[in-house]
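*Asks:* One structure coming up, written as structure tokens, with questions to follow.
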Amino acid sequence: MADKEPHWYVAHTYSGYEKKVKMDIEKTIENRNLQDQILEVSIPMLNVTEGEEDDSKVVQKKMFPAYVLINMYLNDDTWYVVRNTRGVTGFVGPGSKPVPLTEAEMASMGLKADAPACEFSIGDSVVVKSGVWEDTTGIVRQINHEDRMVTINIDMFGRETPVEISFNDVEIV
Numbered sequence: 001m002a003d004k005e006p007h008w009y010v011a012h013t014y015s016g017y018e019k020k021v022k023m024d025i026e027k028t029i030e031n032r033n034l035q036d037q038i039l040e041v042s043i044p045m046l047n048v049t050e051g052e053e054d055d056s057k058v059v060q061k062k063m064f065p066a067y068v069l070i071n072m073y074l075n076d077d078t079w080y081v082v083r084n085t086r087g088v089t090g091f092v093g094p095g096s097k098p099v100p101l102t103e104a105e106m107a108s109m110g111l112k113a114d115a116p117a118c119e120f121s122i123g124d125s126v127v128v129k130s131g132v133w134e135d136t137t138g139i140v141r142q143i144n145h146e147d148r149m150v151t152i153n154i155d156m157f158g159r160e161t162p163v164e165i166s167f168n169d170v171e172i173v
């Protein structure tokens, strides 16, 4: 059970333990020097607007509650580390064999490992291609290369409001 290249795997956790599991796995990676085998631990988040029209705010919600995504080379050590982390109930897959995410599944979550660098910069005008803000234009105010997210200002209820959106969901106007 050894991968020649890294893949994204899904670990099932107790509900509400996603952040704790992520922190514990990252601590174990550091303690056991597994940075070259377990590359990234992610909890995909989705920006959701909550509240009334005049008192709305954007909050982050887990895209997949009770799941943590892990980009790693699957081998006995990495399987053991993840599987035996407190709060992890197992991998998604038949029996105890983890099944990697497909290219289509990764792309839909913005997790393409060899995705191109961001093609826009602060101050650029962009349009949102999909999601809640589809066809909305805004100005890039902040770029987070690590999380592949961009913060844009959009006009909401007559005032500029910052919204964080995935690189995959925006393009230059």
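In the UniProt record's numbering, the protein residues as written are 1 to 173.
Ideal Cβ positions, reconstructed from N, Cα and C, are used throughout, including at glycine.
Taking the C-alpha atoms as reference points, what is the distance between GLN37 and ARG141?
*Replies:* Taking the first residue of the sequence shown as position 1, residue 37 is located at position 37. Taking the first residue of the sequence shown as position 1, residue 141 is located at position 141. Whole-angstrom Cα-Cα distance: 34 Å.
*Asks:* For the stretch 29-104, list the alpha helix (DSSP H) runs that are entirely contained and at least 4 residues long, ordered along the chain.
*Replies:* 76-83
*Asks:* How is the beta strand (DSSP E) around ASN153 delimited, first residue to last?
*Replies:* In the sequence shown, residue 153 corresponds to position 153, counting from 1. Element bounds for ASN153: 149-156.
*Asks:* Give the range of the beta strand (DSSP E) segment to which TRP8 is assigned.
*Replies:* Here residue 8 is taken as the residue at index 8 of the sequence shown, counted from 1. In this chain, the beta strand (DSSP E) harbouring TRP8 covers 7-13.
*Asks:* Where does ILE165 fall in DSSP's three states?
*Replies:* The residue given as residue 165 occupies position 165 in the sequence shown. Looking at ILE165 - three-state DSSP - the assignment turns out to be strand.
*Asks:* Using only CA atoms, which one of GLU50, GLY16 and LYS20 lies nearest to VAL163?
*Replies:* Numbered from 1 along the sequence shown, position 163 holds the residue referred to as residue 163. It is GLU50 whose Cα lies nearest to the Cα of VAL163.
*Asks:* Starting from the C-beta of GLY87, find all residues in its chain whose C-beta is less than 6 Å away, skip the five residues before and the five after it, and write them out in chain order.
*Replies:* Residue 87 sits at position 87 when you count from the first residue of the sequence shown. Around GLY87: THR13, TYR14, TYR17, LYS20 and VAL21.
*Asks:* Grouping DSSP H, G and I as helix and E and B as strand, with all else coil, what is SER125?
*Replies:* For this step, residue 125 is matched to residue 125 along the sequence shown. If DSSP states are grouped into helix, strand and coil, SER125 belongs with the strands.
*Asks:* Measuring alpha carbon to alpha carbon, tell me which of VAL150, ARG83 and ASP54 ends up nearest MET156.
*Replies:* In the sequence shown, residue 156 corresponds to position 156, counting from 1. Checking every option, the nearest Cα to that of MET156 belongs to ASP54.
*Asks:* With burial defined as no fewer than 16 other Cβ atoms inside 10 Å of the residue's Cβ, what is the status of ALA107: buried or exposed?
*Replies:* By 1-based counting over the sequence shown, the position of residue 107 is 107. With a threshold of 16 other beta carbon atoms within 10 Å, ALA107 falls short and is exposed.
*Asks:* Taking the DSSP output, what are the residues bridged to GLY138?
*Replies:* Within the sequence shown, numbered from 1, the residue matching residue 138 stands at position 138. VAL126, per the DSSP bridge assignment.
*Asks:* Once you ignore the five residues that flank THR89 on each side, which residues in its own chain have a CB closer than 6 Å to its CB?
*Replies:* In the sequence shown, residue 89 corresponds to position 89, counting from 1. Excluding sequence neighbours, THR89 sits near HIS12.
*Asks:* Evaluate MET149 with the Cβ neighbour count: other Cβ atoms within 10 Å of its Cβ, from every protein chain shown; 16 or more gives buried, anything less gives exposed.
*Replies:* Locating residue 149 in the sequence shown gives position 149, where the first residue counts as 1. Its Cβ being crowded by 16 or more others within 10 Å, MET149 is buried.
*Asks:* Along the beta strand (DSSP E) that carries VAL173, what are the first and last residues, could you check?
*Replies:* Residue mapping note: residue 173 aligns to position 173 of the sequence shown, counting from 1. For VAL173, there is no enclosing beta strand (DSSP E), as DSSP marks it with neither H nor E.
*Asks:* Using beta-carbon positions only, say whether ILE165 and ASP124 come within less than 7 Å of one another.
*Replies:* Sequence index remark: in the sequence shown, residue 165 carries index 165 (1-based). Sequence index remark: in the sequence shown, residue 124 carries index 124 (1-based). Contact: no.
*Asks:* Could you tell me whether the Cβ atoms of PRO44 and MET109 are closer together than 7 Å?
*Replies:* Within the sequence shown, residue 44 is the residue found at index 44, counting from 1. Within the sequence shown, residue 109 is the residue found at index 109, counting from 1. Cβ distance < 7 Å, so PRO44 and MET109 count as in contact.
*Asks:* Alpha carbon to alpha carbon, what distance is there between ARG159 and ILE29?
*Replies:* In the sequence shown, counting from the first residue as 1, residue 29 sits at position 29. In the sequence shown, counting from the first residue as 1, residue 159 sits at position 159. Approximately 44 Å between the Cα atoms of the pair.
*Asks:* Would you mind working out which of LEU46, VAL99, ILE154 and VAL10 sits nearest ASP147, comparing C-alpha positions?
*Replies:* Sequence index remark: in the sequence shown, residue 147 carries index 147 (1-based). Ranking LEU46, VAL99, ILE154 and VAL10 by Cα distance to ASP147 puts LEU46 first.
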